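Quick note on numbering: the sequence shown equals residues 2 to 617 in the numbering used here.
Ideal Cβ placement from N, Cα and C applies to all residues, glycine included.
Because the structure is a prediction, the values reported are computed rather than measured.
One structure is given below, encoded as structure tokens.
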Amino acid sequence: MTRTIRLTMAQALTRYLAAQMTEIDGERLPIFGGVWAIFGHGNVAGLGEALWQERARLPTFRAHNEQAMAHAAIAYAKANMRRRFMAATTSIGPGATNLVTAAALAHVNRLPVLLLPGDVFAGRIPDPVLQQVEDFGDGTVSANDCFRPVSRYFDRITRPEQIVPALARAMQVLTDPAECGPVTLALCQDVQAEAYDYPESFFAERLWTPRRPRPDRDELKAAAAALKTAKKPLIVAGGGVLYSGASEELARFSQATGVPVCETQGGKSALPDDAALNMAAVGVTGTEAANRLAAEADLVLAVGTRLQDFTTGSWALFGAQEKTIVGLNVQPFDAGKHRALPLVADAREGLTELAQAIGGWKAPESWTANAKAGKAEWRGQADKATAAGNAALPSDAQVIGAVQRALGADVVLLHAAGGLPGELHKLWRAGSPGSYHAEYGYSCMGYEIAGGLGAKMARPDKEVVVMVGDGSYLMLNSEIATSVMLGLKLTIVLLDNRGFGCINRLQNATGGESFNNLLKDARHETLPEIDFVRHAASMGAIAVKAASIAELETALAQAKANSRTTVVVIDTDPLASTGAGGAWWDVAVPEVSARAEVRTARAHYDERRKQQRIGE
């Protein structure tokens, strides 16, 4: 006879989560680092009570904003290279829909997070319940249906026994290297409290280890044959290299073959910046060293990258008439993009077997030497851009240089939307794998501080440095208080250009007048004088204002010694950006406009579109 234990659905859920394990560097660890929770009527009585019972094995963390706590959970998973992750629970209604943006972010970036929003009463007696969304034509719809397009797996738990197959499927998705992404289990609030006789075996510890698919023999043979005929090969390293733990294999492959490597935003720090054949950033925010090679490459080995628009320069960057793309990716959807020869495999296993398949083949020495010369030239340009200056309003690049000089390459550098991702992708010199943490797949303003909190939870031994603009800071800054409350120190560099400087520059570049981006160009009666120092200090942070690059470096040196979160504010130039590097990006310009500047920009746009390699 099957032994059972009578629990509520919520108690069964939390007990199950606490029993799931992983192994990292020989150490057995809970795969869930904890649960972020903001309680309301839709989850406090059911899931809240269950989390209290499991608090020793499954810690619960309180945040100030639902979107932010999910960002922290997602950053935790990213910093753990998807080997460990977290859950987040909210009440029904606005608490739940506040998670949707974070779900989309995790979906785009292929990152695991378990979302547990409260839902309507399955019994429908309290109907409409507080915060319930009513559909006039469909009685089964709730606000949580918003999660369907941004979840890798979605389920609504309307009976207590449904949690058994739902959690099994959730874990399969969260741990699968190809399917990985957000899982949403919408928990009907009456069902959370209903009891069921669950089999005891459901709560036995289970160990989850990464699946590492090896390449198909025929695909491997085709990829090796293509590589051995290449005269100008280039590797594009994406985030999959990091998630696979394939940095050493990538370094060995590049060194043995002489093939230069460039990195996407997600793949940056796959190799240390000082690796001889690391050309660093590629694409719209790329270095001249990388983009020059990309324009000439006759073979592109795309490893663990989804080849998104910024990487390919809207598919105008990879310009060789005759070229082959080899898509080494664990997800077939990505491996076959742009008519690539697919090599469906784990990055580490794929690189190892591809190296064996090509034997002692090497790229032409002239191509390798050309790459090294280009890197040296780019380094000189980058040094000029990041050098200290005496301008009243320094550029983002000069701030980046100051942060790098003061804190070195061993920190975890975290950023997201705005102008900083472009400058950091080109200019930041990353050290060890995973030391560069960018959220630029969804480019979500407000990720930065919450993400920094999650990264620090994952890597408490590291100095976590968050670089954020004033626009993103004002959108979502509340987890400064959480970082102080939890004793998780962050160093936050806040660049104040008084508005959305990045989009203002894009607006100007497409012929538009500065309008509604910088505060001074938005409708106003009085321009706000925001005191970011006092604001951050009010949440418990140490906060200072740096009046110059020299003061910034001094403040950062002090921040490194501080015991709690420190915010350093510096005013910056909203118009300045690094001219060197970069590539064209397809941003549609109006065909008709009263402005001559827009008409000129449209003519330039039409010319650049001719360089797109459609269908290649």
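Measure the CB-CB distance between residue i and residue j and report whether it falls below 8 Å.
{"i": "THR325", "j": "LEU355", "result": "no"}
{"i": "ALA144", "j": "VAL134", "result": "yes"}
{"i": "LEU495", "j": "VAL590", "result": "no"}
{"i": "HIS416", "j": "LEU408", "result": "no"}
{"i": "PRO575", "j": "ARG499", "result": "yes"}
{"i": "LEU414", "j": "VAL331", "result": "no"}
{"i": "ALA459", "j": "TYR77", "result": "yes"}
{"i": "THR250", "j": "LEU352", "result": "For the sequence presented, residue 250 should be read as Glu rather than Thr. Going by C-beta atoms, GLU250 is nearer than 8 Å to LEU352."}
{"i": "LEU228", "j": "VAL345", "result": "no"}
{"i": "MET87", "j": "VAL114", "result": "yes"}
{"i": "ALA398", "j": "THR579", "result": "yes"}
{"i": "TRP586", "j": "PHE311", "result": "yes"}
{"i": "ARG218", "j": "PRO178", "result": "no"}
{"i": "SER484", "j": "LEU454", "result": "yes"}
{"i": "THR369", "j": "LEU428", "result": "no"}
{"i": "GLU480", "j": "HIS65", "result": "yes"}
{"i": "GLY423", "j": "ILE550", "result": "no"}
{"i": "MET10", "j": "GLN132", "result": "no"}
{"i": "VAL304", "j": "GLY241", "result": "yes"}
{"i": "ARG52", "j": "ILE75", "result": "Checking the displayed sequence, the identity of residue 52 turns out to be Leu instead of Arg. No, these two residues do not count as a Cβ contact at 8 Å."}
{"i": "ALA69", "j": "LEU477", "result": "yes"}
Taking the alpha-carbon positions, what's the residue i to residue j distance?
{"i": "ARG340", "j": "VAL165", "result": "41 Å"}
{"i": "SER1", "j": "LEU235", "result": "Within the shown structure, residues of the chain are numbered from 2 to 617, placing residue 1 beyond reach of any answer."}
{"i": "THR566", "j": "TYR474", "result": "15 Å"}
{"i": "ASP462", "j": "THR306", "result": "29 Å"}
{"i": "PRO365", "j": "ALA226", "result": "16 Å"}
{"i": "ARG614", "j": "GLU220", "result": "24 Å"}
{"i": "ALA298", "j": "LEU318", "result": "10 Å"}
{"i": "VAL534", "j": "LYS546", "result": "7 Å"}
{"i": "ILE32", "j": "ILE158", "result": "23 Å"}
{"i": "LYS705", "j": "ALA358", "result": "The chain is shown from 2 up to 617; residue 705 falls before or after that span and cannot be answered."}
{"i": "ASP347", "j": "ASP335", "result": "13 Å"}
{"i": "GLY138", "j": "CYS147", "result": "17 Å"}
{"i": "ALA38", "j": "GLY502", "result": "34 Å"}
{"i": "ALA71", "j": "ASP191", "result": "24 Å"}
{"i": "ALA295", "j": "ASP522", "result": "38 Å"}
{"i": "ALA167", "j": "LYS338", "result": "32 Å"}
{"i": "ARG56", "j": "ALA97", "result": "22 Å"}
Report back the beta-carbon spacing between residue i and residue j to the nearest angstrom; my notes put them in contact at under 8 Å.
{"i": "ASP275", "j": "ALA281", "result": "Actually they are not in contact, since the Cβ atoms of ASP275 and ALA281 sit about 10 Å apart, beyond 8 Å."}
{"i": "VAL260", "j": "ALA238", "result": "Their Cβ separation, rounded to whole angstroms, is 11 Å, which puts VAL260 and ALA238 out of contact at 8 Å."}
{"i": "LEU116", "j": "VAL184", "result": "7 Å"}
{"i": "LEU553", "j": "ILE531", "result": "About 19 Å; that fails the 8 Å criterion."}
{"i": "ASP136", "j": "VAL142", "result": "4 Å"}
{"i": "GLY140", "j": "SER92", "result": "The pair is not a contact, with the Cβ atoms about 21 Å apart (cut-off 8 Å)."}
{"i": "GLY419", "j": "GLY452", "result": "Not quite, the Cβ-Cβ distance comes to about 14 Å (not below 8 Å), so this is no contact."}
{"i": "GLY267", "j": "GLY314", "result": "About 16 Å; that fails the 8 Å criterion."}
{"i": "LEU100", "j": "GLU67", "result": "6 Å"}
Checking contacts by CB at 8 Å: is residue i closer than that to chain B?
{"i": "VAL237", "result": "Reference to chain B is not applicable here, since this structure consists of a single protein chain."}
So which of the options has the shortest CA-CA distance to residue i?
{"i": "ALA290", "options": "LEU221, LEU342, LYS376 and GLU297", "result": "LYS376"}
{"i": "ALA542", "options": "VAL45, ILE450, THR573 and GLY470", "result": "ILE450"}
{"i": "PRO60", "options": "LEU221, GLN132, VAL36 and GLU24", "result": "VAL36"}
{"i": "GLU598", "options": "HIS536, GLU514, GLY580 and PRO529", "result": "GLU514"}
{"i": "ASP120", "options": "LEU48, VAL285 and LEU8", "result": "LEU48"}
{"i": "ASN279", "options": "VAL304, HIS536, ALA252 and THR286", "result": "ALA252"}
{"i": "PRO216", "options": "ILE75, ALA595, LEU489 and LEU342", "result": "LEU342"}
{"i": "ALA224", "options": "GLN309, LEU329, GLY583 and LEU175", "result": "LEU329"}
{"i": "ALA584", "options": "ARG63, THR288, GLU206 and ALA374", "result": "THR288"}
{"i": "ILE25", "options": "THR15, TYR244 and MET2", "result": "TYR244"}
{"i": "PRO200", "options": "ARG56, TYR441, ARG4 and GLU67", "result": "ARG4"}
{"i": "GLY246", "options": "ALA231, ALA257, ALA581 and ALA271", "result": "ALA271"}
{"i": "LEU489", "options": "LEU507, ASN505 and ALA456", "result": "ALA456"}
{"i": "LEU208", "options": "ALA19, TRP362 and THR511", "result": "ALA19"}
For residue i, count neighbouring Cβ atoms within 10 angstroms of its own Cβ and tell me buried if that reaches 16, exposed if not.
{"i": "ALA80", "result": "buried"}
{"i": "MET438", "result": "It is worth fixing the name first, because residue 438 is His in this sequence and not Met. That one is buried."}
{"i": "VAL593", "result": "exposed"}
{"i": "GLN21", "result": "buried"}
{"i": "ARG524", "result": "exposed"}
{"i": "PRO161", "result": "buried"}
{"i": "ARG7", "result": "exposed"}
{"i": "LEU27", "result": "Note that residue 27 corresponds to Gly in the displayed sequence, not to Leu. The residue in question, GLY27, is exposed, as its Cβ has fewer than 16 Cβ neighbours within 10 Å."}
{"i": "THR527", "result": "exposed"}
{"i": "VAL404", "result": "buried"}
{"i": "ASP607", "result": "exposed"}
{"i": "ARG349", "result": "buried"}
{"i": "ALA169", "result": "exposed"}
{"i": "THR23", "result": "buried"}
Report yes if the C-beta of residue i is less than 7 Å from at least one heavy atom of the ligand NAP; otherwise report no.
{"i": "MET468", "result": "The ligand content of the structure shown is nil, which means the ligand NAP is not present either."}
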